[in-house]
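Inspection log for the structure reproduced underneath, given as structure tokens.
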Amino acid sequence: SQKIEQNSEALNIQEGKTATLTCNYTNYSPAYLQWYRQDPGRGPVFLLLIRENEKEKRKERLKVTFDTTLKQSLFHITASQPADSATYLCALDRGGYNKLIFGAGTRLAVHP
Amino acid sequence: DVKVTQSSRYLVKRTGEKVFLECVQDMDHENMFWYRQDPGLGLRLIYFSYDVKMKEKGDIPEGYSVSREKKERFSLILESASTNQTSMYLCATQVPETQYFGPGTRLLVL
Chain A
95 SQKIEQNSEA LNIQEGKTAT LTCNYTNYSP AYLQWYRQDP GRGPVFLLLI
145 RENEKEKRKE RLKVTFDTTL KQSLFHITAS QPADSATYLC ALDRGGYNKL
195 IFGAGTRLAV HP
Chain B
84 DVKVTQSSRY LVKRTGEKVF LECVQDMDHE NMFWYRQDPG LGLRLIYFSY
134 DVKMKEKGDI PEGYSVSREK KERFSLILES ASTNQTSMYL CATQVPETQY
184 FGPGTRLLVL
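These protein sequence lines map, in sequence, to chains A and B.
Read left to right, the first sequence gives residues 95 to 206 (the numbering used here).
Read left to right, the second sequence gives residues 84 to 193 (the numbering used here).
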């Protein structure tokens, strides 16, 4: 069955450092992958989409890579700030009406 | 900006009650989704709809039904609420590949 995994442990980093979050998947060949941010008690908010033929995508301090051979995506936040503290979810397209399958998310805490 | 609203932020119901969760979007999107989110399990798809009166089961439809009589409104119905349906419920709309979520309804079934 399709499986998508994110680090279940929280990631704690110092302000100004680069945060790197991992998303791995199995039994799957998605056409695209997305990253969302979720704050406590709120719905997820879309951040970035990367397609299977793209290796890397950037948006301001965010960078996403997509390695379809390794079946892995890395999500980087450079010059991290306490305001970046949140849970980050990766999501894969599973075809058919653009349905998505979501990972459980990784909680990021950026300390001053 | 896409706006997705959900009828309640918090809801407390008794076991066996019929529960209605409503979701409204203001962007004329065709695809709408209902998820539940539980710690460690992530978002799991309950039902989705790709047009008015059209619906398909997601990964965990048991104990739920949906209704979409108008394009902007997608309702999730718990026919007879049970304690294992205590969860955070999230509605989303989608176009073209990006999903836009409502604020969520935290449901507690006693």
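Backbone N, C-alpha and C fix where the C-beta goes; we use that ideal spot for every residue, glycine too.
ask   = Name the chain B residues whose beta carbon is nearer than 7 Å to that of F169 of chain A?
value = Here the premise fails: no neighbours, minimum Cβ distance about 16 Å.
Where the beta strand (DSSP E) containing T176 of chain B begins and where it ends = 170-177
task = Would you mind telling me which residues of chain A sit closer than 9 Å to L104 of chain B, beta carbon to beta carbon, in chain order?
result = Residues of chain A passing the Cβ test: none, with the nearest at roughly 13 Å.
request  = Within the same chain, show all residues whose beta-carbon is closer than 7 Å to that of G110 of chain A, passing over the 5 residues directly before and after it, in chain order.
outcome  = A173, S174
ask   = Among the residues of its own chain, which have a CB less than 6 Å from the CB of L127 of chain A, if the five just before and after it don't count?
value = I144, F160, S167, L186
query = Looking at the structure shown, is D111 of chain B part of a helix, part of a strand, or coil, going by DSSP?
reply = coil
ask   = Three or more beta-carbon pairs under 8 Å between the stretch 87-98 of chain B and the stretch 130-148 of chain B, yes or no?
value = no
request  = List in chain order: all unbroken beta strand (DSSP E) runs of 3+ residues lying wholly within the stretch 117-160 of chain B.
outcome  = 125-134, 137-140, 147-153
ask   = If we count Cβ pairs, one from each stretch, closer than 8 Å, do we get three or more for the stretch 174-184 of chain B versus the stretch 138-153 of chain A?
value = yes
ask   = How is N147 of chain A classed by DSSP in three states: helix, strand or coil?
value = coil
query = Using the C-alpha atoms, what's the distance from A203 of chain A back to D134 of chain B?
reply = 40 Å
query = Around the Cβ of S25 of chain B, are there at least 16 other Cβ atoms within 10 angstroms (buried) or fewer (exposed)?
reply = Because chain B spans 84 through 193 in this model, residue 25 of chain B falls outside it and cannot be assessed.
ask   = Mind pulling the chain B residues with CB within less than 7 Å of A198 of chain A?
value = G123, L124, G125
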